[in-house]
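Here my numbering is used: position 147 in the sequence shown is 221, and no number is missing along the way. Glycine included, C-beta positions come from ideal geometry on N, C-alpha and C. Owing to the predicted nature of the structure, the values given are computational and were not obtained by experimental measurement.
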Amino acid sequence: MKLWWQFPDKSSLWSEYLHGRYYRNRHLTIVPYNRNHSPVWHRLCRIRDVAEPFLFCTLGEGSVSFWHDNWLGEKPLAQFLHKDTYTMEPRNAVKYRGVPFSTDGINLKFKLNTDGSSLENPGLAGAVGIIRDSAGHVHLAYQITLGTGTSVLAELTAVWRGLELALTHGLAPLVVEVDATTVISLLQFRASGKWEVQYLIMCIVRLQQLLVADVQHIFREVNGAADHLAKEAASLQLTRVLHHNDITGVLHGILCLDRRGVRHLRRG
């Protein structure tokens, strides 16, 4: 297992030799072997089916295989499909023959605003979000009570739950707007010293990839609806999903102001 882990790194002479002789820019999981190959290569090929399910890749620098590396978290994309059901011909037509990429049917019209609140940090916490279309109409909103927690945990939970609901209801692709710069930094570097925060980061990144979702920072003054829901969820300990007909009272007023481009004035 350790041998397989060290092989892709090419930090040793034996690794560089095997890359040049057998690898030849193919993915490690599909490179064949036979009796004439070296004993070390035989050992690598015998353990690769055991080792690969325990490896998880993160997209970022362009070194991950789109089809054969496990960046989804469950298994490589190629294993979801039969061998002959995908083709690179449309992609090659765009890249090498100058055929324009078609954008028919693609409509970036959904926006998810999220917020998290912890009354004492740590204290009673809540996570919320609202998904709207380009006309400002609410498709759904949600509130989650978290018991006692930190503001960072609440903010990340709000994004994660919103992306899950967007995936369930087919509200994609979408833009996610948060007013916490800490969330932007955590998702950018994808690392945290706390396991519960790290777990949420990886869940969010996976959902971002599935939904083609971009997370952006906005100022608190233009995130009034989510801010109102977050304080309500934390103080009243509410967990619920709201649809268009459930939006009433103060929240309805804030959303109407948002549609007219009027900022919500926060109290306190």
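Assigned exposure category for residue i - 16 Cβ within 10 Å defines buried
i	result
T177	Low confidence applies here, because T177 scores a pLDDT of 43, under 50, leaving its location unreliable; read the following figure in that light. Per the 10 Å Cβ criterion, exposed.
R120	exposed
E251	buried
S192	buried
I275	buried
N144	buried
W269	exposed
N297	buried
A265	exposed
L87	exposed
Beta-carbon contacts of residue i that lie in its chain and below 6 Å, excluding the five residues immediately before and after
i	result
E229	G190, A254 and V257
L303	V202 and Q217
R294	D253
T322	none
R280	G147
A308	S191, L193, L198, A199 and G200
L329	A299
H243	none
L133	W145
H318	V212
For residue j and residue i, the rounded distance between their alpha carbons
i	j	result
L151	Q282	16 Å
G200	Q153	38 Å
F140	V289	22 Å
A232	S137	31 Å
L310	A246	31 Å
E306	E238	22 Å
R334	Q262	32 Å
Y273	C131	15 Å
R314	G267	31 Å
G327	D320	13 Å
Nonlocal neighbours in the same chain, by C-beta distance under 8 Å from residue i, ignoring five residues either side
i	result
V271	V226, L227, L230 and L260
D207	K183, F184, K185 and H213
L241	L281, L284 and L285
V324	H302
Contact check, residue i vs residue j, beta carbons under 8 Å
i	j	result
N187	T224	no
G197	T219	no
G236	D332	no
F184	I205	yes
A215	L316	yes
L248	A287	yes
W234	I292	no
Paired residues, beta bridge with residue i - DSSP
i	result
S266	DSSP output for S266 lists no bridge partner at all.
E251	N187 and Q290
L214	I205
S192	A199
R314	Q217
Own chain partners of residue i with C-beta closer than 7 Å, once the 5 adjacent residues on each side are dropped
i	result
L129	N144
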